[in-house]
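Participant: Each residue of the sequence shown is one higher than the last, beginning at 134 in the working numbering.
Note that CB positions come from ideal geometry on N, CA and C, so glycine has one too.
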Amino acid sequence: MMDRMKVMTMPPLVTLGQRQGREFAKREIVRFVEHGMTATQAGKHCPVPMHRTTVYRLLKRVEREGEQALTERRHGHPVKLREEVLTFVLDRLSEPRVCCQPRGPTPRGGAI
């Protein structure tokens with residue numbers, strides 16, 4: 134019989150510290166550009182390097198949305214099976230199958 138498999142859950146893709154670091158980096162980029170740096174220079178001097186096009190997109194979002202544009206929007210990939218469903222599937226897989234158990238005496242000749 135198969136031993137019960139341990140259910141492993143995925144860690145969060147973006148931790149709180151990483152999220153705060155990215156928000157800080159976005160604020161720094163906006164500040165650098167406001168003080169006269171080009172988008173390329175600001176992207177290179179930032180703690181989280183950004184491509185020039187990404188910097189321009191960020192600046193445009195800041196113009197439209199204000200402070201809200203600096204908050205982290207990354208969602209990552211959703212977990213494919215939630216813990217309850219994964220546990221159910223693993224339980225079902227560990228149960229012996231009816232089709233694999235002998236059905237009793239075989240007919241003459243050994244054919245099933």
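1. Taking buried to mean at least 16 other C-beta atoms within 10 Å of its own C-beta, is residue 159 buried or exposed?
2. At what residues does the alpha helix (DSSP H) containing residue 223 begin and finish?
3. With C-beta atoms as the reference, is residue 172 less than 8 angstroms away from residue 189?
4. Going by beta carbon distance, what residues of the same chain come within less than 8 angstroms of residue 181, once the five residues before and after it are set aside?
Facilitator: On the basis of the supplied data:
1. Label assigned to residue 159: buried.
2. Where residue 223 is concerned, the enclosing alpha helix (DSSP H) stretches over 216-227.
3. Yes, Cβ-Cβ distance for residue 172 and residue 189 is below 8 angstroms.
4. If we look at residue 181 and ignore the five residues flanking it on each side, its Cβ neighbours are 154, 155 and 158.
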